[in-house]
Structures are given as C-alpha cells and as structure tokens.
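Student: Count along the sequence shown from 1, add 51, and you get the number used in the working numbering. C-beta: ideal position from N, C-alpha, C; glycine also. Bear in mind that the values here come from a model prediction, so they are computed numbers and not experimental data. Structure below; questions to follow.
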Amino acid sequence: MNIQTLSPSTIRKLGLEALSKALGPIGMVRFLQQFDTGVGDYTKERALWLKDLDLKTIMEEIKERQKAERNNDEQER
C-alpha cells in the first residue's frame with residue numbers, strides 16, 4: 052500500500068480502523084475527543100503573542116519557572 056496515493060478519506064478510514072483495533076471502540080472515541088481543530092489562524096496569533104519577546108526574555112522566564120517549580124517540589128517534601 053502506497054500511503055502517498057491514498058485519498059484523505061481512505062487514510063481517515065484506515066486510521067479509524069487502526070485506532071479501533073488497538074484501543075477498542077470506546078478507547079478510540081476517548082482518544083479522538085482529546086483533539087480539536089480549533090478556530091482562528093494560529094500562525095498570525097502566535098506572531099502577535101511573541102512580537103515583543105526576544106530569546107533572552109524567553110530564557111529568563113523559563114529559568115524563573117524552573118526555579119519556582121523546584122521550590123514547590125522542595126516545599127512538598
């Protein structure tokens with residue numbers, strides 16, 4: 052089977068069959084419910100969210116969050 056030549060509907064059908072076989076019908080439905088196509092244009096929205104951020108700022112925020120997480124972990128012990 053050449054996946055490159057299959058139509059989108061055939062790929063979807065085969066995918067659903069594989070999920071159903073691996074997870075059972077209920078598991079397949081639960082798996083599919085985790086995904087949502089969403090709305091809007093993620094690429095444009097992401098550019099707006101990140102327009103004022105530079106790499107240094109992003110790295111500082113990551114380090115702050117990691118430090119806060121470590122502090123929370125230590126307090127829970």
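1. With Ser-60 as the anchor, note down where its alpha helix (DSSP H) starts and where it stops.
2. Helix, strand or coil for Arg-128, going by three-state DSSP, please let me know.
3. Let me check understanding here. Comparing Cα to Cα, which of Glu-111, Met-110, Gly-66 lies closest to Phe-82?
4. I need the straight-line Cα distance from Asp-124 to Leu-106, nearest angstrom please.
Tutor: So, from the data block:
1. Reading the sequence shown from its first residue, position 9 is the one you call residue 60. For Ser-60, the enclosing alpha helix (DSSP H) has its first and last residue at 59-84.
2. Within the sequence shown, the letter at position 77 stands for residue 128. DSSP, read as helix, strand or coil, puts Arg-128 in coil.
3. As a position in the sequence shown, residue 82 is number 31, starting the count at 1. Sorting Glu-111, Met-110, Gly-66 by C-alpha distance to the C-alpha of Phe-82 places Gly-66 at the top.
4. In the sequence shown, counting from the first residue as 1, residue 124 sits at position 73. In the sequence shown, counting from the first residue as 1, residue 106 sits at position 55. Cα atoms of Asp-124 and Leu-106: separation of roughly 27 Å, rounded to the nearest angstrom.
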